[in-house]
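Every position in the sequence shown, counted from 1, becomes a number in our numbering once 18 is added.
Read the structure below first, then the notes.
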Amino acid sequence: MAIDYAQGLFLIVNTLLSFYIVVYAFIFLTRTKNYPDRKPWELLFAGAFFFLISEVLGVSLFYGDAAVLGIKVSMIRVVLEFVYVSLVLMAFITQSHMILLSDMILITKKLQRRRAEEAEKEKKKKPKTKGQKIFEKLREKVTPVEELKFEIGEKELQEKMKEEHFESEIKSEKELVGEDKQ
Numbered sequence: 019m020a021i022d023y024a025q026g027l028f029l030i031v032n033t034l035l036s037f038y039i040v041v042y043a044f045i046f047l048t049r050t051k052n053y054p055d056r057k058p059w060e061l062l063f064a065g066a067f068f069f070l071i072s073e074v075l076g077v078s079l080f081y082g083d084a085a086v087l088g089i090k091v092s093m094i095r096v097v098l099e100f101v102y103v104s105l106v107l108m109a110f111i112t113q114s115h116m117i118l119l120s121d122m123i124l125i126t127k128k129l130q131r132r133r134a135e136e137a138e139k140e141k142k143k144k145p146k147t148k149g150q151k152i153f154e155k156l157r158e159k160v161t162p163v164e165e166l167k168f169e170i171g172e173k174e175l176q177e178k179m180k181e182e183h184f185e186s187e188i189k190s191e192k193e194l195v196g197e198d199k200q
């Protein structure tokens, strides 16, 4: 009698816990609709849902040997528990795969950074031409503000040169037209 009481109590507690897990997973999934890395949670939600149905059937089985469409509830329960365990296993596999991929991405980024640093060191080791050395010395003396002023001034100068070139073309065309009239 005490064993039956404990078994019934555990079935009811498992049912309540599985209901809580389903609700919690559902709330989590509704809050994280935009995240692509939530696949394990979707699998856990589905697994928890099947476990909840299994536990509800377990409670009904405990209080009477029932059948649904001619199939014993105990058989349905075994199938649902199999689906639950399979989905939880898939969730763990998916999560571990995602973790391994993120680790691989981090390792790849570190390797790229190291290669870039090594390439910089190689560039610094190469002998520089006289022009490169002079350019670097001038570059060190110029502040970013002066460099910006130079770029702005260079653009203005180019625009003025274009205007002057255009005006000189107009003058030369006028001179040609004037010569034709004479």
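Backbone N, C-alpha and C define an ideal beta-carbon position, used for all residues, glycine too.
Please read these numbers as outputs of a predicted model, since none were measured by experiment.
{"Item": "Please look up how many angstroms separate the CB atoms of L70 and A43, rounded, as I've assumed it's under 8 Å.", "Value": "Incorrect: roughly 11 Å between the Cβ atoms, too far for contact."}
{"Item": "Are the Cβ atoms of A109 and P58 separated by less than 7 Å?", "Value": "yes"}
{"Item": "Can the beta-carbon of E99 be found less than 7 Å from the beta-carbon of N32?", "Value": "no"}
{"Item": "Taking C-beta to C-beta, are M41 and A66 nearer than 7 Å?", "Value": "According to the sequence shown, residue 41 is Val rather than Met. Result no, Cβ atoms of V41 and A66 do not sit closer than 7 Å."}
{"Item": "Pick helix, strand or coil for P54, following the three-state DSSP scheme.", "Value": "coil"}
{"Item": "Going by the CB atoms, is the gap between S92 and V79 shorter than 7 Å?", "Value": "The sequence given here places Leu at residue 79; Val does not occur at that position. The answer is yes: Cβ separation under 7 Å."}
{"Item": "Does the Cβ-Cβ distance between L216 and R95 come in under 7 Å?", "Value": "In the structure as shown, the chain begins at 19 and stops at 200. Residue 216 is therefore absent and cannot be evaluated."}
{"Item": "Rounded to whole angstroms, what is the Cα-Cα separation between A134 and K141?", "Value": "11 Å"}
{"Item": "Drop a sphere of 10 angstroms on the beta-carbon of F68, count the other beta-carbons inside from all chains shown, and report buried for 16 or more, exposed for fewer.", "Value": "buried"}
{"Item": "Assign S114 to one of two classes, buried (16 or more other C-beta atoms within 10 Å of its C-beta) or exposed (fewer than that).", "Value": "exposed"}
{"Item": "Since V77 and L29 should fall inside the 8 Å C-beta cutoff, what is the C-beta to C-beta distance between them, to a whole number of angstroms?", "Value": "5 Å"}
{"Item": "Please report the distance separating the alpha-carbon of T112 from that of G88.", "Value": "37 Å"}
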